[in-house]
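Trainee:
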Amino acid sequence: HRGQRLPLPCPRAGPGPGTPLPGLALATARRARGLGGWMLFRTLRPASWAQCSKIHLACFSLSQAIEGEVETFPMLEIQIHHFETRGAQKSKNSADDLDIFVECEVHSTDVSILITSLKRVAEEVKTSREDKVPWFPRKIQDLDKCHHLITKYDPSLDHGHPVSLIGDPLPHVEYTAQETATWREVYRKLSNLYPTHACTQYLDAFQQLEKYCGYQEDNIPQLQDVSRFLKERTGFQLRPAAGLLSARDFLASLAFRVFQSTQYIRHFSSPMHSPEPDCCHELLGHVPMLADKEFAQFSQDIGLASLGSSEAEIEKLATLYWFTVEFGLCKQNGSIKAYGAGLLSSYGELMYALSNKPEYKPFDPEVTAVHPYQDQAFQPVYFVAENVEDAKAKLQNYMMKIKKPFSLHYDPFTCSIEVMNTPQKVKRSLCQMKEELKNLCLALENLS
1 HRGQRLPLPC PRAGPGPGTP LPGLALATAR RARGLGGWML FRTLRPASWA
51 QCSKIHLACF SLSQAIEGEV ETFPMLEIQI HHFETRGAQK SKNSADDLDI
101 FVECEVHSTD VSILITSLKR VAEEVKTSRE DKVPWFPRKI QDLDKCHHLI
151 TKYDPSLDHG HPVSLIGDPL PHVEYTAQET ATWREVYRKL SNLYPTHACT
201 QYLDAFQQLE KYCGYQEDNI PQLQDVSRFL KERTGFQLRP AAGLLSARDF
251 LASLAFRVFQ STQYIRHFSS PMHSPEPDCC HELLGHVPML ADKEFAQFSQ
301 DIGLASLGSS EAEIEKLATL YWFTVEFGLC KQNGSIKAYG AGLLSSYGEL
351 MYALSNKPEY KPFDPEVTAV HPYQDQAFQP VYFVAENVED AKAKLQNYMM
401 KIKKPFSLHY DPFTCSIEVM NTPQKVKRSL CQMKEELKNL CLALENLS
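Numbering (my numbering), first residue to last: 1 to 448.
1) Beta-carbon separation of Glu294 and Glu445 under 8 Å?
2) Between the stretch 246 to 254 and the stretch 197 to 206, do at least 3 Cβ pairs fall closer than 8 Å?
3) Closest to Glu359 by C-alpha separation, out of Leu344, Pro380, Ser345, would be which residue?
4) How would you label Phe298, buried or exposed, when you count the other beta carbons within 10 angstroms and need 16 or more for buried?
5) Among the residues of its own chain, which have a CB less than 7 Å from the CB of Thr449, if the five just before and after it don't count?
6) Out of Lys427, Tyr202, Ile78, which one is the CA nearest neighbour of Asp292?
7) Whole angstroms are fine: how far does the CA of Gln432 sit from the CA of Glu282?
8) Find out if the Cβ-Cβ distance for the pair Arg239, Phe259 is shorter than 8 Å.
9) My output table needs one value for Ala341: the three-state DSSP class, helix, strand or coil.
10) Going by alpha carbons, who is nearest to Arg266 out of Arg257, Phe256, Ala255, Asp278?
11) I'd like the list of long-range same chain contacts for Tyr175, defined as Cβ closer than 8 Å, with 5 residues on each side in sequence excluded.
12) With a CB to CB cut of under 8 Å and the five nearest residues on each side skipped, what residues in its chain are close to Ile314?
13) Within 8 Å of any Cβ in chain C, is that where the Cβ of Thr319 sits?
14) In the DSSP output, which residue or residues are listed as bridge partners for Gln374?
15) In the DSSP output, which residue or residues are listed as bridge partners for Gln208?
16) If you check the beta carbons only, do Phe413 and Phe383 fall under 8 Å apart?
17) Going by DSSP, what residues sit across from Lys383 in a beta bridge?
18) What are the residues that DSSP puts in a beta bridge with Leu507?
19) Can you list, in chain order, the residues of its chain with a C-beta nearer than 8 Å to that of Pro169? Leave out the 5 residues immediately preceding and following it.
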């Protein structure tokens with residue numbers, strides 16, 4: 001099997017391969033009686049992962065000449081995720097020498113036993129440790145690396161084509177008469193519906209957008225003007241995107257108060273529906289709510305929770321985003337109003353969502369995060385929050401339950417994320433908070 005990649009199935013329980021784990025050991029073993037190898041171990045701290053699937057290394061094969069020397073392996077309850085063999089780069093015996101790569105999980109207390117066993121049959125063994133904190137964007141410029149589109153593979157596309165970077169001026173788009181006519185039809189129908197169907201936060205912001213950003217029937221606002229408006233109101237800014245981003249990359253942008261926005265407009269033959277987000281969805285659905293400070297914080301909180309989270313948690317957070325930021329409802333003045341962008345940019349679904357035809361459930365992040373959603377038709381179920389403030393408080397409680405081996409702090413002055421992994425960093429942040437509290441206390445004294 002030399003040179004083949006042999007992905008091995010994950011065990012039925014225990015953390016998946018995408019789960020950030022506390023440690024890693026890399027071992028390189030070479031020239032073991034005709035076989036060489038190198039291994040990658042994700043080490044588990046028992047306190048962090050008390051439940052670990054047991055798996056015998058039946059798929060881990062060495063020559064019979066050394067099988068007796070590796071009987072320790074099946075005893076260590078190792079989970080194997082990947083097995084690969086390669087021709088040895090530094091062969092000393094023959095061309096048959098191999099490098100063996102194995103990615104697996106093993107309790108940290110057993111790593112030394114495993115390495116010792118390797119050394120019995122290998123001439124060279126090297127180890128290293130994995131960072132406890134996985135990679136994620138630490139500063140706003142790192143978002144330039146987060147633009148993975150969800151699309152079908154098209155070999156004719158230039159995947160190396162330059163994209164807009166953080167700090168670049170937003171492109172000015174000259175929309176055609178047909179595109180403006182499509183915008184006009186969408187804008188006219190929805191704006192007539194907003195006074196009775198949209199929440200007050202949306203209505204207040206929409207009025208300001210009409211006044212300062214050129215929101216009107218015969219004009220499609222430019223992202224640069226809208227982004228400047230948002231920056232002054234809530235610190236959010238827009239960034240051009242070519243389409244649907246991966247959930248992880250999109251949520252990571254929210255952590256820095258950056259919203260990835262498309263600039264193209266839906267097809268003129270279907271002005272009331274678009275299968276993918278377009279500028280009608282972004283400008284009429286998302287932007288007005290991002291101009292509200294409470295909702296802007298709510299959106300950023302989801303983004304911050306996503307940083308360094310496992311794939312399973314990303315899926316839950318994306319589902320939470322779907323049922324709140326995209327299709328959320330809230331109570332206001334004894335009635336239900338819409339605050340979700342997917343509703344506020346879709347005439348048909350906005351009418352349907354407030355028609356008492358669908359099922360309404362109270363917003364509970366634990367329930368909402370695992371509820372199946374519909375992306376090809378109207379939602380059969382909508383989650384109703386008491387208000388935006390209540391939804392934000394419940395989300396923050398949910399975030400505190402997400403298990404990570406590290407804590408994060410967002411610095412709005414530098415637009416950067418700091419991993420709070422030393423007492424000095426925590427102390428520095430507390431000192432900053434103390435100064436802010438002093439200023440607030442002084443302001444209260446002046447008011448009294």
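C-beta atoms are modelled at their ideal positions from N, C-alpha and C, and glycine is treated no differently.
Mentor: Taking the coordinates as given:
1) Position 294 of the sequence shown, counted from the first residue, corresponds to residue 294. Position 445 of the sequence shown, counted from the first residue, corresponds to residue 445. Against a cut-off of 8 Å, the Cβ pair of Glu445 and Glu294 comes out as no contact.
2) no
3) Your numbering for residue 359 matches position 359 in the sequence shown. The residue with the shortest Cα to Cα distance from Glu359 is Pro380.
4) For the purposes of this step, residue 298 is taken as residue 298 along the sequence shown, with counting starting at 1. Per the 10 Å Cβ criterion, buried.
5) The structure shown does not extend to residue 449, since the chain spans only 1 to 448, so no value can be given for it.
6) Against the sequence shown, residue 292 aligns to sequence position 292. The shortest C-alpha separation from Asp292 is found at Tyr202.
7) The residue labelled residue 282 in the question sits at position 282 within the sequence shown. The residue labelled residue 432 in the question sits at position 432 within the sequence shown. For Glu282 and Gln432, the distance between alpha carbons rounds to 35 Å.
8) Residue numbering aside, residue 239 sits at position 239 when the sequence shown is read from its first letter. Residue numbering aside, residue 259 sits at position 259 when the sequence shown is read from its first letter. Cβ atoms of Arg239 and Phe259: closer than 8 Å.
9) Stepping through the sequence shown from its first residue, residue 341 is reached at position 341. Helix at Ala341.
10) Numbered from 1 along the sequence shown, position 266 holds the residue referred to as residue 266. Of the candidates Arg257, Phe256, Ala255, Asp278, the one whose C-alpha sits nearest the C-alpha of Arg266 is Asp278.
11) Numbered from 1 along the sequence shown, position 175 holds the residue referred to as residue 175. Trp183, Ile220, Ile265.
12) In the sequence shown, counting from the first residue as 1, residue 314 sits at position 314. Same-chain partners within the cutoff: Ala247, Arg248, Leu251, Ser306.
13) Of the protein chains in the structure, only one exists, and it is not chain C.
14) Translated into the one-based positions of the sequence shown, residue 374 becomes position 374. DSSP, once it has assigned bridges, lists no residue as partnering Gln374.
15) Locating residue 208 in the sequence shown gives position 208, counting from the first residue. Partner(s): none; Gln208 has no beta bridge.
16) By 1-based counting over the sequence shown, the position of residue 413 is 413. By 1-based counting over the sequence shown, the position of residue 383 is 383. The answer is no: Cβ separation not under 8 Å.
17) Start at 1 with the first residue of the sequence shown, and residue 383 comes out as number 383. This sequence places Phe at residue 383; Lys is not what is there. Bridge partners of Phe383: Lys361.
18) No answer is possible for residue 507: the residues shown for the chain start at 1 and end at 448.
19) Walking along the sequence shown from the start, residue 169 turns up at place 169. Cβ within range, chain order: Gln224.
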